Amino acid sequence: MYVCICNALTDYEIGLVSKQGARTVDAAYAALGSKVCCGQCRCTAQDIIDENAQSAAQPMLMAAE
Ligand code: FES
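First residue of the sequence shown: 90, per my numbering; consecutive thereafter.
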């Protein structure tokens with residue numbers, strides 16, 4: 090699904106770079122060679138980043154237990 094129309098970025102691409110360490114919209118878009126233009130996608134993109142950050146952190150939390 091396209092999240093950012095200005096840059097033609099999908100939820101898959103944003104999720105991928107967030108799994109690789111991008112924790113902000115600006116960092117994720119920079120990793121994809123883009124930057125925020127109109128900002129309409131910012132909340133949705135941050136939600137995707139947060140979801141992927143949580144799922145990436147869970148194995149580490151379980152390993153620490
Ligand atoms: S829709 Fe993403 S910057 Fe405009």
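The beta-carbon is built from N, C-alpha and C at its ideal position, and this holds for glycine as well.
Since this is a predicted model, take the numbers as computed values, not measurements.
Expected contact under 8 Å - CB spacing of residue i and residue j to nearest Å
i           : j           : result
residue 112 : residue 138 : 6 Å
Contact with chain D by residue i, beta-carbon distance below 8 Å
i           : result
residue 142 : In the structure shown, chain D cannot be found, because there is only a single protein chain.
Burial state of residue i (16 or more Cβ within 10 Å)
i           : result
residue 93  : buried
residue 130 : buried
residue 97  : exposed
Bridge-paired residues (DSSP) for residue i
i          : result
residue 98 : 93
Beta-carbon proximity list for residue i, same chain, < 7 Å, skipping 5 on both sides
i           : result
residue 108 : 141, 145
residue 134 : 92, 93, 103, 114, 117
residue 65  : Residue 65 falls outside the range modelled here, since the chain spans only 90 to 154, and no answer is possible.
Close Cβ partners of residue i (< 6 Å) along its chain, the five nearest in sequence each way excluded
i           : result
residue 104 : 137, 141
residue 123 : 96
residue 100 : 90, 92, 137
Beta-carbon contacts of residue i that lie in its chain and below 8 Å, excluding the five residues immediately before and after
i           : result
residue 120 : 106, 109, 111
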